[in-house]
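First comes the structure, then the notes that go with it.
2 protein chains.
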Amino acid sequence: MTEHPNQPVRDLTEEELLARIIPRLPQGPATVLGPGDDAAVVAAPDGRFVVTTDVLVEDRHFRRAWSSGCDVGWRAVMQNLADVAAMGARPTAVVTSLVMPPDLEVTWVESLADGMAAACAPHQVGAVGGDLSSGPVVMISVTAHGDLQGREPVLRDGARVGDRVCHAGVLGRSAAGLAALEAGIVARCHSPSEPGQVTDDQRHLDAVVRDAVGGYVRPDPPLAAGPAAAAAGVRAMMDLSDGLLRDAGRMARSSGVQLDLSGDGLRPDVEVLAELAQACEDDPWRWVLTGGEDHGLLAVFGPDQELPERFREIGTIAAHEPGRPWVTLDGAAPPVDGAGWDHFAPGAMS
Amino acid sequence: MTEHPNQPVRDLTEEELLARIIPRLPQGPATVLGPGDDAAVVAAPDGRFVVTTDVLVEDRHFRRAWSSGCDVGWRAVMQNLADVAAMGARPTAVVTSLVMPPDLEVTWVESLADGMAAACAPHQVGAVGGDLSSGPVVMISVTAHGDLQGREPVLRDGARVGDRVCHAGVLGRSAAGLAALEAGIVARCHSPSEPGQVTDDQRHLDAVVRDAVGGYVRPDPPLAAGPAAAAAGVRAMMDLSDGLLRDAGRMARSSGVQLDLSGDGLRPDVEVLAELAQACEDDPWRWVLTGGEDHGLLAVFGPDQELPERFREIGTIAAHEPGRPWVTLDGAAPPVDGAGWDHFAPGAMS
């Protein structure tokens, strides 16, 4: 068949399309049997496995104008690996269902596979199977698996009064990146031939925009911090996908405690985004407190536990009193609405 | 919130919708940790697990006019459990991504959960987690897991010359059901007050229609036959999802043999559908040879192996000669096009 650069997937049979995808995907050390049969086989050395699934839907979670195939593949995998890490497990394998419009370019799908591979390979995760179908928009559902390495899974209900609330990763970065894209704020490429044209402030803002948009299209949470926290005896842990306030509220309710965030602890996250927020006419505290999709790890350690690498303290655990908020900021109700991301709210897009 | 019968999902938050779904879903004996945390934990007693994923897309794989929520939930689970069984494994747990339009009725989603539960519960399969999102059409991606119980996975490449080709389940039933729906042929309800109005022929056709449409909306493959075949030393096995000729071709190529189907072996499957095929002006051989989505098990046993329950012989394995078809019927090229189901073919609907 003659190739042309915009060849749509409808020109290929399912087997031909699989032949374009599968060689791009890595197999990991846990892969006993990879793609090609009715099902894959994955090692589960301690006799259990962790499993989680998350879906990305075009025009709901991403736009093809803003995210390349590579970005979407990366993000679809990474948001699942973060859930595995949040249980204290090491990710081992993913399977994927991919729905796509018949006019989607084959090169976009190849790029998606490359993005999945880029997210999997450094963590030795195998992409062991999948299913393809056509549909009205791109939808990618990834199921990720992990190995608890003999430890107990880390749940959300273990926080106790006096514990320290910690975080590993970034906060508000993805929300800031989306806001920049929506406001049409683009990081400029600075030509060395016109050094006088660009102020240091402009260079700084461009770097922040680049970082924020990168955080939106390719979140890169510190996955290894999850098993490290579990090994260090973390009391409770979860992945932040729906925003700090909303997810912290879930942990607080699960544990029956009040989770008090520290303004000082969060200020560095806010300050790095302040200039961009001004450009977007938005509130950097809103991004940090309610922005979802950063997939960092919220973890609660005991007062005397040594924090593993990447974690820093952002609050403390107090007793919850009836009628009081589950999550506070410096002891008071947070200054922004904590609803965060709701998948069915009209017009929501993350 | 006041309930009304056609309440759409957009009226509920994600947590409220989950609260309607999760209590309807069963947990199985392999469920170590069910829904509610970042991920679930499932037992894998022999240190490995089988994993497979398959997606159903509205207006591609089903229409809401022809399949209830319950039917779609059943079929989404069952097509995956069949893949697990085809590896010789016992299914243990599923996770699900569900995408739905905001105006979908909550009752439809509850019905979908009931259908998933109905497919899982008899096999002691737990529905351990999932993800919800909105999107333009209903899309349900299920990932199923299974336990090999210490046996090796059964692949497609073990067929040898002289072996017997066997099948457990039904053939052509789903294709016949879809054809009946497309032709507007509906099984009538016969009132006992008008016994003289209905001929025995009509009663028989109605029973066939009911059975075929049932096979289309709720395929019910003999899952236990998979592990039973593995325990009996089956040489090769796969689930028939894309039609007998197409899937048998995959097995033949994997094994490097010719798979010769027996007209006598398949005739009972054809005969039961003959009358309905006439009413649909279709060919019952085409349904039996190329109809997909029945999810029965195609299995190859050695010449002297005792067949486990549910399996019957439908062919033999011969040497493959270059230039000859991989799959034959009574030694000759099959009388219908063997392409079967292709997910990207224009206008295809199964």
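Those protein sequences? They're chains A and B, same order as listed. For the first sequence, the positions run 1 to 350 when my numbering is used. For the second sequence, the positions run 1001 to 1350 when my numbering is used. For each residue, glycine too, the CB sits at the ideal point set by N, CA and C.
Between residue i and residue j, which are expected to be in contact by the criterion C-beta below 8 angstroms, what is the C-beta distance as a whole number of angstroms?
i: A1085 of chain B; j: R1151 of chain B; result: Going by Cβ atoms, the distance from A1085 of chain B to R1151 of chain B rounds to 13 angstroms, so no, they are not a contact pair.
i: P1091 of chain B; j: A1144 of chain B; result: 6 angstroms
i: D114 of chain A; j: P8 of chain A; result: Rounded, the Cβ-Cβ distance is 19 angstroms, inconsistent with contact.
i: G215 of chain A; j: D260 of chain A; result: With 8 angstroms as the limit, G215 of chain A and D260 of chain A do not qualify as a contact, their Cβ atoms being about 26 angstroms apart.
i: V1257 of chain B; j: S133 of chain A; result: Incorrect: roughly 30 angstroms between the Cβ atoms, too far for contact.
i: S1255 of chain B; j: A1236 of chain B; result: 6 angstroms
i: V1213 of chain B; j: V1137 of chain B; result: Actually they do not touch by this definition, with Cβ atoms about 22 angstroms apart.
i: P1334 of chain B; j: L1205 of chain B; result: The Cβ separation is near 27 angstroms, so there is no contact.
Just tell me which of the options has its CA closest to the CA of residue i.
i: R24 of chain A; options: A:W108, A:M116, A:D131; result: A:M116
i: P1045 of chain B; options: B:T1053, B:G1215, B:A1030; result: B:A1030
i: R1173 of chain B; options: B:A1236, B:A1252, B:G1296; result: B:G1296
i: Q149 of chain A; options: A:A121, A:M87, A:R64; result: A:M87
i: M1100 of chain B; options: B:M1139, B:G1073, B:Q1124; result: B:M1139
i: I22 of chain A; options: A:T13, A:G36, A:G28; result: A:G36
i: R156 of chain A; options: A:A252, A:V336, A:G292; result: A:A252
i: Q1202 of chain B; options: B:W1326, B:V1170, B:A1279; result: B:A1279
i: M238 of chain A; options: A:E15, A:V186, A:A159; result: A:A159
i: D1147 of chain B; options: B:V1272, B:P1322, B:G1263, B:T1052; result: B:T1052
i: A1207 of chain B; options: B:A1332, B:E1275, B:D1059, B:R1267; result: B:E1275
i: D211 of chain A; options: A:R64, A:V198, A:L181; result: A:L181
i: H1320 of chain B; options: B:V1161, B:W1066, B:T1013; result: B:V1161
i: D83 of chain A; options: B:P1219, B:D1038, B:P1268, B:A1248; result: B:D1038
i: R1324 of chain B; options: B:D1283, B:L1018, B:V1270, B:G1249; result: B:G1249
i: G1028 of chain B; options: B:A1175, B:G1129, B:D1247, B:E1281; result: B:G1129
i: E1015 of chain B; options: A:G69, A:D247, A:A179; result: A:D247
i: V154 of chain A; options: B:V1032, B:L1098, B:V1198; result: B:V1032
Between residue i and chain A, is the shortest Cβ-Cβ distance under 8 angstroms, so that the two count as touching?
i: M1078 of chain B; result: no
i: M1349 of chain B; result: Bear in mind that the predicted position of M1349 of chain B carries a pLDDT of just 48, short of 50, making it unreliable; the figure below should be weighed with that in mind. False, the Cβ-Cβ gap to chain A never drops below 8 angstroms.
i: L1155 of chain B; result: yes
i: D1330 of chain B; result: no
i: A1043 of chain B; result: yes
i: G1323 of chain B; result: no
i: A1224 of chain B; result: no
i: P1335 of chain B; result: no
i: M1238 of chain B; result: yes
i: D1352 of chain B; result: Any property of residue 1352 of chain B remains undetermined from this structure, which presents chain B solely from 1001 to 1350.
i: P1026 of chain B; result: no
i: M1251 of chain B; result: no
i: M1139 of chain B; result: yes
i: D1083 of chain B; result: yes
i: F1049 of chain B; result: yes
I'd like to know whether the C-beta of residue i is nearer than 8 angstroms to at least one C-beta of chain B.
i: H145 of chain A; result: yes
i: T92 of chain A; result: no
i: P308 of chain A; result: no
i: R20 of chain A; result: no
i: L33 of chain A; result: yes
Return yes when the Cβ of residue j is within less than 8 angstroms of the Cβ of residue i, no when it is not.
i: A168 of chain A; j: A299 of chain A; result: yes
i: V95 of chain A; j: A40 of chain A; result: yes
i: D1294 of chain B; j: L1223 of chain B; result: no
i: G292 of chain A; j: G243 of chain A; result: yes
i: R1286 of chain B; j: V1209 of chain B; result: no
i: P5 of chain A; j: T107 of chain A; result: yes
i: R1310 of chain B; j: W1074 of chain B; result: no
i: A1277 of chain B; j: D1269 of chain B; result: no
i: G69 of chain A; j: V109 of chain A; result: yes
Can you give the Cα-Cα distance for residue i and residue j, rounded to whole angstroms?
i: R1020 of chain B; j: G1265 of chain B; result: 47 angstroms
i: D330 of chain A; j: R312 of chain A; result: 17 angstroms
i: Q124 of chain A; j: D1011 of chain B; result: 42 angstroms
i: A1076 of chain B; j: L307 of chain A; result: 44 angstroms
i: L289 of chain A; j: T328 of chain A; result: 11 angstroms
i: R1048 of chain B; j: V50 of chain A; result: 12 angstroms
i: A1121 of chain B; j: P303 of chain A; result: 44 angstroms
i: G426 of chain A; j: V170 of chain A; result: No information on residue 426 of chain A is available, as it lies outside the stretch 1 to 350 that chain A covers here.
i: D200 of chain A; j: P221 of chain A; result: 29 angstroms
i: R188 of chain A; j: A118 of chain A; result: 26 angstroms
i: D131 of chain A; j: I185 of chain A; result: 37 angstroms
i: G233 of chain A; j: R164 of chain A; result: 13 angstroms
i: S1111 of chain B; j: N1080 of chain B; result: 19 angstroms
i: V1042 of chain B; j: V142 of chain A; result: 17 angstroms
i: R1060 of chain B; j: S1067 of chain B; result: 12 angstroms
i: A1332 of chain B; j: R1063 of chain B; result: 37 angstroms
i: A1183 of chain B; j: G1034 of chain B; result: 43 angstroms
i: V957 of chain B; j: L1018 of chain B; result: Lying outside 1001 to 1350, the shown extent of chain B, residue 957 of chain B is not represented and no answer is given.
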